[in-house]
Every structure is written in structure tokens, then in C-alpha cells.
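Chemist:
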Amino acid sequence: MKIADPPHFLGLRGAALLRTPFWVLGREGLLDAVRCQAITAVTGPPGTGKTFLLDSVQPECGIPVTRLEPHDGPTMLSITDQLLETLTGEIPPGTRHRKVRPLLDALRAPRVVMFDEAQRMNRGCLDHLRSLHDSPDTNFSLVLAGGEGSWAVLGKEPQLRRRIWRPTFFKPLSPEEIRVLLPRFHPIWDTDPHVLDLVDSHFSHGVLGNWAAITATATMCRPDPTTPVIADEVPGLLLRHGIDPTGR
Numbered sequence: 085m086k087i088a089d090p091p092h093f094l095g096l097r098g099a100a101l102l103r104t105p106f107w108v109l110g111r112e113g114l115l116d117a118v119r120c121q122a123i124t125a126v127t128g129p130p131g132t133g134k135t136f137l138l139d140s141v142q143p144e145c146g147i148p149v150t151r152l153e154p155h156d157g158p159t160m161l162s163i164t165d166q167l168l169e170t171l172t173g174e175i176p177p178g179t180r181h182r183k184v185r186p187l188l189d190a191l192r193a194p195r196v197v198m199f200d201e202a203q204r205m206n207r208g209c210l211d212h213l214r215s216l217h218d219s220p221d222t223n224f225s226l227v228l229a230g231g232e233g234s235w236a237v238l239g240k241e242p243q244l245r246r247r248i249w250r251p252t253f254f255k256p257l258s259p260e261e262i263r264v265l266l267p268r269f270h271p272i273w274d275t276d277p278h279v280l281d282l283v284d285s286h287f288s289h290g291v292l293g294n295w296a297a298i299t300a301t302a303t304m305c306r307p308d309p310t311t312p313v314i315a316d317e318v319p320g321l322l323l324r325h326g327i328d329p330t331g332r
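Mind the numbering: the sequence shown is residues 85 to 332 in the numbering used here, read in order.
#1: Looking at the structure shown, is residue 292 part of a helix, part of a strand, or coil, going by DSSP?
#2: Considering only DSSP beta bridges, list what residue 225 is partnered with.
#3: Quick check on residue 172: does DSSP put it in helix, strand or coil?
#4: I need the boundaries of the alpha helix (DSSP H) containing residue 236, first residue and last residue.
#5: Keeping to the same chain, check which residues put their C-beta closer than 6 Å to that of residue 232; ignore five residues upstream and five downstream.
#6: My output table needs one value for residue 117: the three-state DSSP class, helix, strand or coil.
#7: Kindly indicate the opening and closing residues of the alpha helix (DSSP H) around residue 257.
#8: Quick check on this structure: which residue in 265, 221, 147, 227 has the alpha carbon closest to the alpha carbon of residue 195?
#9: How many Å lie between residue 333 and residue 239 at the Cα?
#10: What is the DSSP secondary structure of residue 123, counted as helix, strand or coil?
#11: Give me whichever residues DSSP pairs with residue 230 in a beta bridge.
#12: At the level of alpha carbons, what is the spacing between residue 264 and residue 109?
#13: Please report the straight-line C-alpha distance between residue 248 and residue 278, rounded to a whole angstrom.
#14: With a 10 Å radius around its C-beta and 16 neighbouring C-beta atoms as the bar for buried, classify residue 305 as buried or exposed.
#15: Between which two residues does the alpha helix (DSSP H) carrying residue 283 extend?
#16: With contact counted as at least three CB pairs below 8 Å, one residue from each stretch, are the stretch 315-325 and the stretch 153-167 in contact?
#17: Taking 8 Å as the cut-off, does the stretch 198-210 touch the stretch 97-109 (at least 3 CB pairs, one atom from each stretch)?
#18: Using the Cβ count rule (16 or more neighbours within 10 Å means buried), how would you classify residue 202?
#19: Starting from residue 152 and walking both ways along the beta strand (DSSP E), at which residues does that stretch end?
#20: Can you look up residue 248 in the DSSP assignment and give me helix, strand or coil?
#21: Go to residue 185, then tell me how far its alpha helix (DSSP H) extends in each direction, as first and last residue.
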């Protein structure tokens, strides 16, 4: 199935959608959760591909997608207001309890609700979302996405944990995975595996966000943005990212 590539870092040209093991499992789990109107989670360190997964899967959902990020120090009231404003365009006056009915009505039609940075939410906020999802008056799937440490927040609440179906845990790629996958990501990495090892050990550390950043640099600062990177070019690329490979 042809999947449209979401925008790459800094509008990087020539890059392909990289189907890492985490992306493949995550896509399958997200789309199944959408079909079943389930709760699922996507977690992992920054730059490992969580946001890219959500961006690439969103057009495939087939129903409206509401994507939010909780404010700093969110409360049950602020989450309610944020959802109401996004879904209806207004925030009715009154207490949180008086706003629940309009929110249930707004969530009656099938849709996907995605919360990025879910680790910012406390137990009350997460339980509020679970309660909204459990209501017989709503028909939405809930995706909770968060950075490193978010599973410690999401997974410690038993009632929520039991409802999180097929979570995806992103991790940095291993050196072996990098050697296999990066040549598929961009033509400049269809090169000697030693070059990939150099870049990964000094800078990228298996993190795709880092690979996207140095790929953008390599396509901008080299005469031909498509020719494979050679070992002699690696020190210059690393220096442009503040790293002296000589250790000086």
C-alpha cells in the first residue's frame, strides 16, 4: 500500500519513509486501535520516530483526527476546555461537571483523539480521558503519545493500563539496523558501512531525528546532494553539528 510521506526535517528532499520495526508495529497497532475504538500509547525517547509515526498514520485513519498537546500543568478542567474548544470552537461557561455533557456530545461521532506529550498529565487528567472514552455516549479512539519516561506515568495507573491496547515503545536503532535501514532513507547513505558507523557512534546514536538533521546538513553543504557520503567528509559534517571527532 502506498503511504504518503509526511514532511521531513527542514523539508529534506530525497528522503524516504523509513519503515523501522517500531514504525511497522506502531502503524499496525494504531490503525487497529482506530478500527476498534481502543486506547493505545506510543512512547520513547525524543527523535526516535513517535511524531513521524503519528504524522504518517493520521491520513490513513479515515475519520476525523483531533491532535492536541496538554498545556503545562494541565488539570481536568483545562483538558476539558481544550477538547471543547478544539472540537466545537468554543468553551462554555461553568464548572467541569457542567461541561462534560457538551463534551460527550462533541465526541459522539467517530473520531481519533491524539494527545502528544501525554506524560505532562497527572492521574486525574488521565482518568478523566479514560472516563470519557469509557462512556457509552462517545465513539473515539484515544492515542497517548509521550517521550522518555512517559510509560512510567501512563502504565502506573491500573485502570488506564488495562485499557491501553498494544502500546508501541520506540527505541534508538542498533548499529546493525542502521547499516540496513539508512541506505533506504536517503541516497547519500548508500555508502560504506564504516561511514554509517562513524556518524552513528559520534553523533546520531541510533536516533532518527539526529540522522535527519545531519542528512539535511549533508545535502546542503556538499556540491552534489545525492552522491554517497565518503569517510573524508564525515569530520566536516560532525563539526557543523558541534562535534570534533578527534576529541580536541
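Glycine included, every Cβ here is placed at the ideal spot set by N, Cα and C. In this text the structure is predicted, and so the values were computed from the model without any measurement.
Modeler: The structure says:
#1: helix
#2: 196, per the DSSP bridge assignment.
#3: helix
#4: 234-238
#5: 129
#6: helix
#7: Neither: residue 257 is in no alpha helix (DSSP H) and is coded neither H nor E.
#8: 147
#9: There is no way to answer for residue 333, as the model of the chain reaches only from 85 to 332.
#10: strand
#11: 127
#12: 18 Å
#13: Going from the Cα of residue 248 to the Cα of residue 278 covers about 41 Å.
#14: exposed
#15: Its alpha helix (DSSP H) spans residues 277-283.
#16: Contact annotation: the stretch 315-325 does not touch the stretch 153-167, with fewer than three C-beta pairs closer than 8 Å.
#17: The stretch 97-109 vs the stretch 198-210: no contact.
#18: buried
#19: 149-152
#20: strand
#21: Where residue 185 is concerned, the enclosing alpha helix (DSSP H) stretches over 180-190.
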